[in-house]
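Chains as they are written, first to last, in our numbering: chain V, 1 to 114; chain S, 1001 to 1112.
Positions of the beta carbon are idealized from the N, C-alpha and C atoms, including for glycine.
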Amino acid sequence: ELKVEQNPLFLSMQEGKNYTIYCNYSTTSDRLYWYRQDPGKSLESLFVLLSNGAVKQEGRLMASLDTKARLSTLHITAAVHDLSATYFCAVDDAGGTSYGKLTFGQGTILTVHP
Amino acid sequence: NAGVTQTPKFQVLKTGQSMTLQCAQDMNHEYMSWYRQDPGMGLRLIHYSVGAGITDQGEVPNGYNVSRSTTEDFPLRLLSAAPSQTSVYFCASSPSDGRSYTFGSGTRLTVV
């Protein structure tokens, strides 16, 4: 059974600081997704990582995937208040193709303070 | 493009009632799936489908039925609602290459 674990689950940051959210998963997979969710809203796709070594950046966020370590990271650079949200990683555990289903981590609640 | 459309957005049911949550997508995606979101537990897979006429169970299927008669629609049926089914339900669709998953806006269900 695929398990996906995020840490930390709660993250309180000061504006301008850097931090990393970690996503570990238990099976071999090269398909990992990062989402953002604001309170009461749906999931917004941030990054899709589809191969070992994949690195993607958008604004102050950068995501990477190491399939051998079964680890993805979401790095936040110079945090701003607008980044406050819940961040989820999710894994599609098919190898080479997709099964059309995701296993999610518990989510990381990020709060950025002035 | 509307993407993935879920209806209703909010629903209150009494214990024992049945209802259907609707999900429709207009992106011609082969795959569709249902998740429930409970506080502190992320999203958990209920049922999924890889094409019309094909469905399978996810992690938490008990109390829910699905069918997929068309590519566009994937309704989720609650047979006899229980308070434990109080949750937020999300439908998602994806192409067969898994390059993206698109989520609907969600249905907030309360069972009293």
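When S:P1083, S:S1096, S:M1032, S:Y1101 are compared, the shortest CA-CA separation from Q1011 (chain S) is found for S:P1083.
Contact annotation: in the region 4-22 of chain V, residues whose CB is within less than 9 Å of a CB in chain S are V4, Q6, L9. When rounded, the separation of the alpha-carbon atoms in T1071 (chain S) and G1106 (chain S) is 20 Å.
Residue contact with chain S for F104 (chain V): present (Cβ-Cβ distance below 7 Å to some residue of chain S). Membership of V1004 (chain S) in the beta strand (DSSP E) is indicated by the continuous run 1004-1007. Contact between the region 1084-1091 of chain S and the region 74-92 of chain V is absent: fewer than 3 CB-CB pairs across the two stretches fall below 8 Å.
In the three-state reduction of the DSSP assignment, L1045 (chain S) falls in the strand class. For Y99 (chain V), there is no enclosing beta strand (DSSP E), since its DSSP letter is neither H nor E.
Judged by their CB atoms, Q37 (chain V) and L46 (chain V) are not nearer to each other than the 7 Å cut-off. Here V1004 (chain S) is buried: its Cβ has 16 or more other Cβ atoms, across all protein chains shown, within 10 Å. Among the CB atoms of chain V, one or more fall inside 7 Å of the CB of Y1031 (chain S). For R31 (chain V), the chain S residues whose C-beta falls within less than 8 Å of its own C-beta are G1098, listed in chain order.
Taking R1077 (chain S) as reference, the option from S:G1040, S:L1109, S:Y1031 with the minimal CA-CA separation is S:L1109.
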